[in-house]
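Letter 155 of the sequence shown, counting from 1, is numbered 156 in this note's numbering, and no numbers are missing.
Here the structure comes first, spelled out in structure tokens, and everything after it is commentary.
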Amino acid sequence: MSEKQQLLSLLRQVEHGACTPEQALLQMKLQPFQDLGYAKVDHHRAVRQGVSEVIYGKSKTPEQILGIVTAMAENGCTNILVTQMSQEAAELVRKTIPLDYHPIPRLGIAVPMEQKRTGNIVVAAAGTSDLYCAEEAALTAEALGSRVVRLYDVGVSGLHRTLSHLEELMQARVVVAVAGMEGALASVLGGLVDCPVLAVPTSVGYGASFGGVSALLSMLNSCASGVSVVNIDNGFGAGYQAHLINQMETAKE
């Protein structure tokens with residue numbers, strides 16, 4: 002039983018008189034998180050935000066990641082996202098917990114479950130070198146329940162490649178534009194579509210790109226309206242935000 006189902010069950014007990022409001026409040030206070038010593042797993046995240054806690058895998062040991070994933074899985078969580086996950090950690094988790102691991106974005110999805118995907122998010126990557134970040138965004142949005150269309154290697158150095166996908170772009174509810182170098186793709190797409198554009202600067206480029214700072218500044222200074230920017234290489238953040246926008250549009254239907 003998931004945390005949300007447990008909470009609903011508790012509220013129904015109060016409704017039917019099997020539990021007093023004070024007793025229910027005490028149970029809710031006692032179970033906001035699970036203390037593993039090295040991590041406090043927020044089991045109420047899905048109740049508050051609709052999405053379970055996401056695990057940032059970088060700098061965590063494989064054993065710590067396994068412990069957190071196990072605690073969440075035992076509490077009924079599915080499609081648990083682990084970002085920046087090493088191959089070593091993936092191999093350890095996979096021994097005890099079902100896991101889909103994607104090595105290019107270094108992203109794991111523990112206890113994967115099929116679900117209906119709604120809406121329409123376009124993830125556009127300027128070049129093949131940006132796929133590690135674009136795939137993190139796309140897989141994140143898909144794991145949360147959004148439909149994703151991938152447009153890869155559509156950078157402005159060959160603008161005809163971008164323009165060949167106008168139909169997909171015009172149908173999007175939100176576009177994630179992933180680019181390194183000078184980061185111009187976000188401005189180009191922002192001038193073509195009537196939906197929000199989430200720009201993701203990547204650390205791809207030669208010396209003067211300063212590890213993505215050049216792309217970041219270009220995107221922040223975009224002349225196109227409707228462009229918002231996340232941090233360098235933050236494909237997860239863009240995918241998550243794109244899902245929230247897409248979900249709001251779906252709710253209007």
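Idealized CB from N, CA, C, for every residue including glycine.
On a predicted model such as this, the values are computed, not experimentally measured, just so you know.
According to DSSP, which residues form a beta bridge with residue i?
i, result
"Leu100", "Ala111"
"Thr84", "Tyr57"
"Ala178", "Ala125 and Ala200"
"Tyr153", "Ala126"
"Val230", "Ala200"
"Thr119", "Ser147"
Please go through the same chain and pick out, in chain order, the residues whose beta-carbon is closer than 6 Å to the beta-carbon of residue i, but skip the five residues on each side of it.
i, result
"Thr79", "Val112 and Met114"
"Glu89", "Pro63"
"Met2", "Legend: pLDDT at Met2 = 49, less than 50; position of this residue unreliable, value from coordinates given subsequently. So the qualifying residues of the chain are Gly77."
"Val189", "Val157"
If distances are taken between C-alpha atoms only, which option among the options comes closest to residue i?
i, options, result
"Lys117", "Thr97, Gly128 and Ala142", "Ala142"
"Leu67", "Gly77, Pro99 and Val52", "Pro99"
"Met249", "Met182, His161 and Val175", "Val175"
"Val123", "Ala178, Ser210 and Ala90", "Ala178"
"Met171", "Ala125, Ile233 and Thr129", "Ala125"
"Leu140", "Gly184, Ser60 and Gln85", "Gln85"
"Ser87", "Glu75, Ala74, Ile110 and Ser158", "Ile110"
"Leu108", "Gly128, Arg148, Gly58 and Asn76", "Gly58"
"Lys41", "Ile69, Phe211, Val15 and Met182", "Ile69"
"Ala180", "Ser10, Leu218 and Glu169", "Leu218"
"Leu193", "Gly146, Thr129 and Glu169", "Glu169"
"Ala173", "Ser130, Pro22 and Cys196", "Cys196"
What does a CB cutoff of less than 8 Å around residue i pick up in its chain, not counting 5 residues either side in sequence?
i, result
"Glu64", "Leu93"
"Thr97", "Leu67 and Thr71"
"Ala74", "Ile81, Ile98, Ala111 and Val112"
Is the Cβ-Cβ distance between residue i and residue j less than 7 Å?
i, j, result
"Glu137", "Phe237", "yes"
"Gly120", "Asn247", "yes"
"Ala239", "Leu186", "no"
"Leu221", "Val230", "yes"
"Ile105", "Leu132", "yes"
"Gly146", "Gly128", "no"
"Val216", "Gly184", "Val is not the amino acid found at residue 216; the sequence shown has Ala there. Yes."
Establish whether the CB of residue i and some CB of chain D are separated by less than 7 Å.
i, result
"Leu190", "Within the model displayed, chain D is absent; a lone protein chain is all it includes."
Can you name, in chain order, every residue of its own chain whose Cβ lies under 7 Å from the Cβ of residue i, other than the five neighbours on each side?
i, result
"Ser158", "none"
Do the segment 214-228 and the segment 152-163 make contact, defined as three or more Cβ pairs closer than 8 Å?
no
Is the segment 198-214 touching the segment 157-168 in the sense that three or more CB pairs, one from each, lie closer than 8 Å?
no
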